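Novice:
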Amino acid sequence: MDEINVLLDVLVLGSGGREHALVKAIQRSPNVGKVYAAPGNGGTDVDAKNVNLNINDPAAVVTKAQELLVDLVVIGPEQPLVNGVADALRAADILVFGPGADGARIEGSKQFAKEFMDKHALPTAAWGRFTDAESALNYLDSQGAPIVVKADGLAAGKGVTVAATLDEARDAVKECFDGRFGSAGMTVVIEECLTGPECSLLVFTDGYRMLPMAPAQDHKRVGEGDTGPNTGGMGVYSPVPIVSEQEHAAMLDIMQKAVSGFAADEIDYRGILYGGFMLTPTGPKLLEFNARFGDPEAQVLLPRLESDLLELLLRVAEGDLIDMELEWSDDWVVSVVMASGGYPGDYETGKTITGIERAEQLSGVTVFHAGTALDETGQPYTTGGRVLNVTAQAASFSEARELAYQAVGLIDFQDKIFRSDIGGKAMLGREAWS
Numbered sequence: 000m001d002e003i004n005v006l007l008d009v010l011v012l013g014s015g016g017r018e019h020a021l022v023k024a025i026q027r028s029p030n031v032g033k034v035y036a037a038p039g040n041g042g043t044d045v046d047a048k049n050v051n052l053n054i055n056d057p058a059a060v061v062t063k064a065q066e067l068l069v070d071l072v073v074i075g076p077e078q079p080l081v082n083g084v085a086d087a088l089r090a091a092d093i094l095v096f097g098p099g100a101d102g103a104r105i106e107g108s109k110q111f112a113k114e115f116m117d118k119h120a121l122p123t124a125a126w127g128r129f130t131d132a133e134s135a136l137n138y139l140d141s142q143g144a145p146i147v148v149k150a151d152g153l154a155a156g157k158g159v160t161v162a163a164t165l166d167e168a169r170d171a172v173k174e175c176f177d178g179r180f181g182s183a184g185m186t187v188v189i190e191e192c193l194t195g196p197e198c199s200l201l202v203f204t205d206g207y208r209m210l211p212m213a214p215a216q217d218h219k220r221v222g223e224g225d226t227g228p229n230t231g232g233m234g235v236y237s238p239v240p241i242v243s244e245q246e247h248a249a250m251l252d253i254m255q256k257a258v259s260g261f262a263a264d265e266i267d268y269r270g271i272l273y274g275g276f277m278l279t280p281t282g283p284k285l286l287e288f289n290a291r292f293g294d295p296e297a298q299v300l301l302p303r304l305e306s307d308l309l310e311l312l313l314r315v316a317e318g319d320l321i322d323m324e325l326e327w328s329d330d331w332v333v334s335v336v337m338a339s340g341g342y343p344g345d346y347e348t349g350k351t352i353t354g355i356e357r358a359e360q361l362s363g364v365t366v367f368h369a370g371t372a373l374d375e376t377g378q379p380y381t382t383g384g385r386v387l388n389v390t391a392q393a394a395s396f397s398e399a400r401e402l403a404y405q406a407v408g409l410i411d412f413q414d415k416i417f418r419s420d421i422g423g424k425a426m427l428g429r430e431a432w433s
């Protein structure tokens with residue numbers, strides 16, 4: 000690609016903390032023009048221009064992109080990818096960052112993902128797939144617990160149960176087939192329960208080459224000490240001190256084999272490939288793939304990226320990462336999610352948020368908005384379950400963690416919840432997982 004010498008207008012699809020982080024990172028480019036977020040949130044309403052749009056409707060997204068005359072569309076969440084929004088944009092000759100629907104099946108269907116892993120000899124847990132409750136329950140009885148039950152389709156990070164007992168596993172199967180997750184739960188994947196620390200490794204790929212990011216470690220359960228139901232993520236940090244050089248090399252090899260697998264299967268995959276790993280005693284094994292930036296992983300990875308993100312996104316969209324290299328800060332980043340009381344179950348919205356400006360006056364602190372909007376006076380209020388990602392960047396893990404919690408202490412809204420142990424286990428070393 001020739002050197003960028005014009006200002007580029009960008010449309011970012013999504014409304015979470017991930018999209019606010021993308022907007023902020025794109026805005027750092029010297030070549031950025033106008034940045035739009037659809038539908039956006041309270042943070043993107045300040046750092047970009049929010050536009051009203053049904054991002055899951057391919058035709059509507061194409062029409063809006065043409066109306067805004069944008070040069071690039073960046074797809075944040077998984078649902079538009081699964082719905083084929085990237086395909087529609089490419090058919091209209093609009094550059095887009097994100098795989099088409101064929102590639103997005105790697106996240107949209109647990110069954111497809113497991114079959115892809117098996118086909119390309121990617122290490123993963125033993126598994127079975129079921130379309131009726133009776134067969135699934137019989138399989139549980141034959142396998143025993145602990146065991147993992149997954150709704151096959153997209154369930155906003157809440158369709159996975161790591162069951163310690165058979166009763167818990169049976170309840171999870173019944174929830175799926177009783178319709179809790181809609182059509183996403185009408186097929187169930189049941190997996191062997193792997194043991195060890197979890198770790199995420201994300202890569203940029205143009206369909207052939209890949210550029211890896213640093214590992215990150217999310218905290219998926221809502222409660223302290225990794226208790227309670229799964230969520231979309233309650234906090235994250237990067238890099239991950241417990242990952243050995245050997246494990247890191249193994250994960251990189253697995254991710255390159257996956258990228259090569261898409262190419263071999265003639266799937267045009269341009270965007271992010273996210274590998275969710277378990278660091279087992281016999282080496283890293285895949286738990287899942289995602290087809291986009293993690294949320295909240297993006298909120299700790301993008302602040303460390305010193306390369307021009309806009310150029311990188313454009314190069315991926317054009318299918319050309321030849322000679323592209325990434326530069327990263329040596330800093331550590333910790334992000335703590337502040338959520339609405341009751342999340343991931345029922346929660347109230349409309350709660351006034353205070354203290355964000357005070358928190359961001361701390362050097363190294365950025366507050367990414369997720370479930371927020373602004374009232375007519377510009378005051379933020381809550382609109383979702385995960386409300387804010389309070390993120391701190393510092394020279395050491397302990398400094399970043401302390402700074403993040405200092406910032407959390409300055410922010411308030413009614414019924415707020417957050418975990419006070421983000422990163423605490425990793426501070427104790429690998430033996431904390433023994």
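Each residue of the sequence shown is one higher than the one before, counting from 0 in numbering that gives the first Met the number 0.
Yeah, the Cβ is synthetic: ideal placement off N, Cα and C, and Gly gets one too.
Being a predicted model, the structure only gives us computed values, none of them experimental.
Would DSSP call K33 helix, strand or coil?
Specialist: Strand.
Novice: Can you say whether N40 is buried or exposed, counting buried as having 16 or more other CB atoms within 10 angstroms of its CB?
Specialist: Under this definition N40 is a buried residue.
Novice: How would you call I189, buried or exposed, if buried means at least 16 neighbouring beta carbons within 10 angstroms?
Specialist: Looking at its Cβ environment, which holds 16 or more other Cβ atoms inside 10 Å, I189 is buried.
Novice: If we call anything under 8 Å between Cβ atoms a contact, is V336 one with A391?
Specialist: Not in contact: V336 and A391 (Cβ atoms no closer than 8 Å).
Novice: What does DSSP give as the partner residues of D217 in its beta bridges?
Specialist: DSSP lists V235 as partners of D217.
Novice: Alpha carbon to alpha carbon, what distance is there between H19 and T371?
Specialist: Their Cα atoms are separated by approximately 11 Å.
Novice: Determine the contact status of R418 and E77, defining contact as a CB-CB distance below 8 Å.
Specialist: No.
Novice: At 4 residues or longer, what runs of the alpha helix (DSSP H) sit wholly inside the region 112 to 154?
Specialist: Correct list: 132 to 142.
Novice: So, using beta-carbon positions, are G143 and A369 closer together than 8 Å?
Specialist: Going by C-beta atoms, G143 is not nearer than 8 Å to A369.
Novice: Going by beta carbon distance, what residues of the same chain come within less than 6 Å of G282, once the five residues before and after it are set aside?
Specialist: For G282, where only same-chain residues beyond five positions count, the Cβ hits under 6 Å are A249.
Novice: Ends of the beta strand (DSSP E) at A372?
Specialist: From DSSP, the beta strand (DSSP E) with A372 extends over 371 to 373.
Novice: For the beta strand (DSSP E) that contains E191, what are its first and last residues?
Specialist: Looking at the DSSP string, the run of the beta strand (DSSP E) that includes E191 is 187 to 191.
Novice: For G32 versus D267, is the C-beta spacing smaller than 8 Å?
Specialist: No, they are not a contact pair.
Novice: Using DSSP with H/G/I as helix, E/B as strand and the rest coil, what is D1?
Specialist: In this prediction, D1 has a pLDDT of 48, which is less than 50 and means its spatial position is unreliable; what the coordinates show is noted afterwards. The answer is coil: DSSP assigns D1 none of H, G, I, E or B.
Novice: Which residue's Cα is closest to the Cα of G274: E265, A262, L402, V258?
Specialist: Comparing Cα positions, the closest option is V258.
Novice: Out of I74, K350, L136, which has the shortest C-alpha to C-alpha gap to L313?
Specialist: The shortest Cα separation from L313 among I74, K350, L136 belongs to I74.
Novice: With a threshold of 6 Å on Cβ separation, who are the neighbours of Q298 within its own chain once the five nearest residues in sequence on each side are excluded?
Specialist: G16, A20, S334, F367, N388, T390, listed in sequence order.
Novice: What are the start and end residues of the alpha helix (DSSP H) that includes M250?
Specialist: From DSSP, the alpha helix (DSSP H) with M250 extends over 244 to 263.
Novice: Could you check where the beta strand (DSSP E) with F203 kicks off and where it finishes?
Specialist: It spans 197 to 204 - the beta strand (DSSP E) in which F203 sits, taken as one unbroken run.
Novice: Assuming V315 contacts F396 under a Cβ cut-off of 8 Å, what Cβ separation, rounded to an integer in Å, is found between them?
Specialist: The Cβ separation is near 30 Å, so there is no contact.
Novice: Under a Cβ-count criterion, where at least 16 other Cβ atoms within 10 Å of its own Cβ denotes burial, should A124 be classed as buried or exposed?
Specialist: When all chains shown are included, A124 counts as buried.
Novice: Nearest-angstrom Cα distance between A24 and A37?
Specialist: So the alpha carbons of these two residues sit roughly 16 Å apart.
Novice: Please list, in chain order, all residues of the same chain as D1 whose beta carbon is under 8 Å from its beta carbon, the five residues on each side excluded.
Specialist: Here D1 scores only 48 on pLDDT, less than 50, and its place in the model is too uncertain to base an answer on.
Novice: Which residues does DSSP pair with S108 in a beta bridge?
Specialist: Answer by DSSP bridge pairing: none, since S108 is not bridged.
Novice: Indicate whether the contact test is met: 3 or more Cβ pairs, each with one atom in the region 347 to 361 and one in the region 409 to 416, closer than 8 Å.
Specialist: The region 347 to 361 vs the region 409 to 416: in contact.
Novice: L6: buried (16+ other C-beta within 10 angstroms of its C-beta) or exposed?
Specialist: By the 10 Å Cβ count, L6 comes out exposed.
Novice: Give me the Cα-Cα distance between T186 and F261, rounded to the nearest whole angstrom.
Specialist: Their Cα atoms are separated by approximately 24 Å.
Novice: Quick one: what does DSSP say F176 is sitting in, helix, strand or coil?
Specialist: Three-state DSSP puts F176 in a helix.
Novice: Specify, as a first and last residue, the run of the beta strand (DSSP E) that G275 falls within.
Specialist: 270 to 279 is the extent of the beta strand (DSSP E) around G275.
Novice: When the Cα of A263 is compared with those of L308, Y207, P280, T226, which residue comes out closest?
Specialist: Here the closest residue by C-alpha is Y207.
Novice: Please report the straight-line C-alpha distance between T43 and I54, rounded to a whole angstrom.
Specialist: Taking the straight line from one Cα to the other gives about 16 Å.
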